[in-house]
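So the sequence lines, in the order shown, correspond to chains A and B.
Mapping of the first sequence onto my numbering: residues 92 to 473, in sequence order.
Mapping of the second sequence onto my numbering: residues 92 to 473, in sequence order.
Idealized CB from N, CA, C, for every residue including glycine.
There are 2 protein chains.
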Amino acid sequence: MRKYRILTPGPTPLPEEVKAALFREPLYHRSQAFKNVVKEIQENFKKLLKTKRVPIILSSSGTGAMEASVVNFFKPGEDVLVVVGGKFGERFYKIAKKFNLSPIVYEIEWGDYPKPEKVEEFLKSNKNIKGVFMQICETSTGTFYPYKEIGEVCKKYDALLIADGITAAGVYDIDFDNSNIDILITGSQKALMTPPGLGIIIWNEKAHKRLGVNKNYKYYFDLEAEYKNQVEKYQTAYTPAVNLFLALNEALKLINKEGIENIEKEAKLMSKATLNAFREIGLKPLSKNPAIGVSAICLPEDIDGVKLVKFIRENFNMYIAGGQEHLKGKIFRLCHFGYIDKFDTLNQISAVELALKNLGYDFEVGKATQKALKVFAESERS
Amino acid sequence: MRKYRILTPGPTPLPEEVKAALFREPLYHRSQAFKNVVKEIQENFKKLLKTKRVPIILSSSGTGAMEASVVNFFKPGEDVLVVVGGKFGERFYKIAKKFNLSPIVYEIEWGDYPKPEKVEEFLKSNKNIKGVFMQICETSTGTFYPYKEIGEVCKKYDALLIADGITAAGVYDIDFDNSNIDILITGSQKALMTPPGLGIIIWNEKAHKRLGVNKNYKYYFDLEAEYKNQVEKYQTAYTPAVNLFLALNEALKLINKEGIENIEKEAKLMSKATLNAFREIGLKPLSKNPAIGVSAICLPEDIDGVKLVKFIRENFNMYIAGGQEHLKGKIFRLCHFGYIDKFDTLNQISAVELALKNLGYDFEVGKATQKALKVFAESERS
């Protein structure tokens with residue numbers, strides 16, 4: 092009977108309307124009824140991302156959309172710059188290698204963020220770099236990357252900016268047509284409040300000119316085929332994950348009704364409350380430029396993060412995320428995007444406090460939660 | 092208020108238990124709870140396919156699993172034989188071309204089936220052929236391919252048999268370990284009574300030796316990564332479509348409870364009833380070797396199949412399938428797999444009768460439905 096709470100940076104909880112859309116007979120994927128759903132999703136995305144361009148929906152996780160950005164806009168042998176400052180930067184690098192691009196790595200410490208002037212150095216010294224791959228929010232470190240400024244640099248050197256917005260779209264107010272992002276990727280199970288299983292990719296006219304530059308080594312993720320089907324016919328090239336499309340459509344309606352400006356503001360507040368709460372009990376964020384969607388907090392050396400996450404799971408049936416790769420056991424991560432609100436934030440903080448106490452950390456229990464509540468109270472007044 | 096009936100050869104209707112599994116908060120994909128689901132799915136598949144091998148689940152449609160079979164077991168330049176007798180044979184050919192294999196085509200008329208002796212000729216005359224790609228049931232023509240006999244031939248010439256069982260697994264009783272199939276592919280939305288969005292691939296030890304023969308041009312569909320994760324850790328390499336996994340697990344439990352032998356028997360009966368029903372009013376099957384899961388029926392020259400399907404959809408809110416590519420308008424296709432029973436079969440036939448009458452076909456309405464009912468009555472007695 093312990094209440095289930097999924098408060099990880101993906102998957103996130105589902106609104107009732109989204110769950111209800113899952114619980115139904117699949118629509119026939121070649122029916123007008125399904126085409127109407129595809130059309131609605133497109134319109135809802137255009138509103139969310141303030142764009143005239145049409146997003147393409149892939150029945151895969153976000154990683155599939157990342158692969159699609161590599162195999163459709165670049166060809167083997169081409170130089171690309173990859174910002175690697177966490178697990179998802181590494182993923183872009185691995186995909187680029189597998190498909191025989193020539194990736195050059197701009198490596199930064201996990202928790203740090205890329206500097207536009209450094210990106211400019213790379214592009215200046217190698218005019219053959221055709222694209223820059225990076226995250227908007229590196230989920231593994233909870234770090235926001237200055238995509239607009241880096242986009243300016245890319246524009247100057249005529250390199251495409253490929254932005255992984257998997258934990259950014261739907262929480263940050265991204266004005267796609269004025270963002271300098273050429274190709275934007277996201278996934279269903281993060282801020283978009285839908286179960287995992289859909290990857291989304293949208294690109295501008297500049298990127299469109301390079302679509303199909305690589306003729307081989309792509310089929311399921313062939314964006315020429317998907318573009319033709321989805322944009323011209325509101326269909327998909329292959330059988331789509333119909334029920335997830337229905338769910339995504341409901342989620343997008345809710346997001347647009349709320350307004351992305353309000354969602355961004357609220358996430359910012361939850362992030363601020365969380366960071367201040369843990370500072371109050373001596374714990375600092377990992378990131379030098381914290382993202383508003385996910386907070387990564389460093390643990391004291393004698394507290395094992397794996398045990399902390401486990402304690403919260405086993406005692407409260409609540410899921411928060413730990414650290415990945417070399418950060419395993421050293422940090423924990425809390426989510427502020429998706430169907431997660433102030434009260435969930437307070438729950439996250441309280442659960443961590445109880446776990447910290449149990450694992451022997453010396454502090455006054457309740458101080459962090461109180462601090463967060465104070466931050467919320469202040470914002471109510473202002 | 093017109094009742095919705097999805098009776099196409101995929102997607103198929105969902106049992107209540109499967110729908111209920113969709114309607115829930117996503118499990119965290121790195122949790123023990125989710126690992127237990129992966130483990131259960133594996134055990135349920137092993138029971139269904141009578142195998143010791145572990146199936147790998149991909150968050151993609153069946154086409155993704157088809158691509159996985161190409162990119163993981165073969166490398167650019169290698170000769171493979173592809174049986175092309177319909178839309179899905181064509182798909183294998185296109186994938187093989189895209190990934191730079193050297194596909195040799197064994198072309199057969201749509202509706203015909205491949206002959207083992209002809210496959211042997213190909214393999215005899217070209218000892219470099221490393222694999223034979225074909226369907227078990229070619230869904231576009233409703234044709235069963237003699238996979239066991241062709242498997243014997245492949246074994247003799249040491250070529251892998253890659254069988255697309257997307258509309259075969261879960262309806263035909265496939266004894267994988269004794270089937271001579273080396274790599275078997277299926278999808279969630281057909282006989283497996285789950286919404287679209289999962290592709291499944293399983294291979295034997297012989298095929299396993301060739302896993303990883305191709306090092307590049309694969310990432311999302313890298314089966315070495317998936318095998319390592321799913322077999323050793325009950326995890327997936329990338330975020331899986333969690334809710335679809337839960338749904339698939341429920342569906343597999345129902346299938347195994349019913350027993351694949353009984354399911355096969357029932358599909359055979361529905362197929363027999365359908366074919367006899369339409370013969371009764373002068374309409375013949377397209378296929379020279381009809382599959383038990385899907386019946387493709389030829390229409391008289393003056394009846395437009397597109398109109399027939401549309402009439403049934405608009406007047407009865409019932410979905411059946413038409414013909415694809417050059418068969419468009421010339422045939423219609425009825426499904427006998429998934430959560431579809433005798434009464435659904437009678438409904439399909441009755442709906443087609445009403446549409447035929449409306450479109451001006453000269454026959455006695457009700458004769459086809461009556462014939463099907465007689466076939467069912469006979470089987471009750473026997």
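Check                                                                                                                                                                                        : Outcome
Take every Cβ of the segment 244-259 of chain B, pair it with every Cβ of the segment 211-226 of chain B, and state whether three or more of those distances are shorter than 8 Å.           : yes
Out of Thr234(B), Leu140(B) and Ile132(B), state which residue places its alpha-carbon closest to the alpha-carbon of Ile383(B).                                                             : Thr234(B)
Helix, strand or coil, according to DSSP, for Ser270(B) in the structure here?                                                                                                               : coil
Can you give the Cα-Cα distance for Lys324(B) and Glu416(B), rounded to whole angstroms?                                                                                                     : 43 Å
Alpha carbon to alpha carbon, how far is Glu444(A) from Ala459(A)? Give it in angstroms, no decimals.                                                                                        : 7 Å
Can you check DSSP and say which residues form a bridge with Val56(A)?                                                                                                                       : A query on residue 56(A) cannot be resolved here, the shown segment of chain A reaching from 92 to 473 and no further.
Quick one: which unbroken alpha helix (DSSP H) runs of 4-plus residues sit fully inside the segment 108-152 of chain A? Chain order, please.                                                 : 123-139
Since Ser71(B) is in the beta strand (DSSP E), which residue starts that stretch and which ends it?                                                                                          : No answer is possible for residue 71(B): it lies beyond the span of chain B, which begins at 92 and ends at 473.
If the criterion is Cβ atoms closer than 8 Å, does the pair Thr154(A) and Tyr119(B) meet it?                                                                                                 : no
Sort out for me which residues DSSP pairs Thr436(B) with in a bridge.                                                                                                                        : Bridge partners of Thr436(B): none, in fact.
Give the secondary structure of Arg404(A) by DSSP, where H, G and I count as helix, E and B as strand, and everything else as coil.                                                          : helix
Beta carbons nearer than 7 Å to chain A: which residues of the segment 325-345 of chain B have them?                                                                                         : Tyr329, Thr330, Pro331, Ala332, Val333, Asn334 and Leu335
Cβ of Leu377(B) within 7 Å of any heavy atom in the ligand GTP?                                                                                                                              : In terms of ligand content, the structure shown is empty, and the ligand GTP therefore cannot be addressed.
Assess, as a yes-or-no matter, whether the segment 335-345 of chain A is touched by the segment 281-296 of chain A under the definition of 3 or more beta carbon pairs within less than 8 Å. : yes
Could you list the residues in the segment 109-124 of chain B with a C-beta less than 8 Å from some C-beta on chain A, going in chain order?                                                 : Lys110, Ala111, Leu113, Phe114, Arg115, Glu116, Pro117, Leu118, Tyr119, His120 and Ser122
Quick check for students: name the residue ranges of the beta strand (DSSP E) that lie wholly in the segment 335-397 of chain A, counting only runs of 3 or more.                            : 385-389
Within the continuous beta strand (DSSP E) that includes Ile227(A), where are the two ends?                                                                                                  : Ile227(A) -> no beta strand (DSSP E), and no H or E assigned at all.
Just to confirm my understanding: we take Ile372(B), look at its own chain, exclude 5 residues before and 5 after, and list those with CB closer than 7 Å. What are they?                    : Phe454, Lys458 and Ala459
Taking contact to mean at least 3 C-beta pairs separated by less than 8 Å, is the segment 301-319 of chain B in contact with the segment 154-172 of chain A?                                 : yes
Roughly how far, in whole angstroms, is the beta-carbon of Val129(A) from the beta-carbon of Gln321(A), given that I think they are within contact range, below 8 Å?                         : 6 Å
Kindly give me the distance between the Cβ atoms of Leu98(A) and Cys389(A), rounded to whole angstroms, as I take these residues to be in contact under 8 Å.                                 : The pair is not a contact, with the Cβ atoms about 19 Å apart (cut-off 8 Å).
Could you name the residues of the same chain whose beta carbon sits closer than 6 Å to that of Ala112(A), not counting the 5 residues immediately before and after it, in chain order?      : Leu337, Ala338 and Glu341
On a CA-only basis, which of Lys375(B), Tyr318(B) and Asp395(B) is nearest Ala387(B)? Give me that one, please.                                                                              : Lys375(B)
Would you report the Cα separation of Lys297(B) and Ser150(A), rounded to the nearest angstrom?                                                                                              : 30 Å
Could you name the residues of the same chain whose beta carbon sits closer than 7 Å to that of Glu229(A), not counting the 5 residues immediately before and after it, in chain order?      : Gly176, Gly177, Phe179, Gly180 and Tyr236
Taking 8 Å as the CB-CB cut-off, is Asn163(A) touching chain B?                                                                                                                              : no
If you compare alpha carbons, which of Phe224(A), Ser441(A) and Gln439(A) is closest to Val210(A)?                                                                                           : Phe224(A)
Of the residues Lys419(B), Lys138(B) and Gln133(B), which one's Cα is nearest the Cα of Ile147(B)?                                                                                           : Gln133(B)
Starting from Arg182(B) and walking both ways along the alpha helix (DSSP H), at which residues does that stretch end?                                                                       : Lys178 to Lys189
State buried or exposed for Gln123(A), treating a residue as buried only when at least 16 other CB atoms are found within 10 Å of its CB.                                                    : exposed
When you compare the CB positions of Pro205(B) and Val333(A), do they come within less than 8 Å of one another, or not?                                                                      : no
When the Cα atoms are used, what is the spatial distance from Leu140(A) to Asp264(A)?                                                                                                        : 8 Å
If contacts are defined as beta-carbon pairs under 8 Å, then Gly451(B) and Ile422(B) qualify, I think. What distance do you get, rounded to the angstrom?                                    : So it is not a contact: roughly 18 Å between Cβ atoms.
What are the partner residues of Ile253(B), as DSSP defines its beta bridges?                                                                                                                : Phe224(B) and Ile274(B)
Taking beta-carbon pairs under 9 Å, can you tell me which members of the segment 172-190 of chain B lie near chain A?                                                                        : Arg182, Lys185, Ile186, Lys188, Lys189 and Phe190
Can you pull the chain A residues whose beta carbon is under 8 Å from the beta carbon of Lys94(B), in chain order?                                                                           : Going along chain A, no residue has its Cβ under 8 Å from Lys94(B), so there is no contact; the nearest lies around 10 Å.
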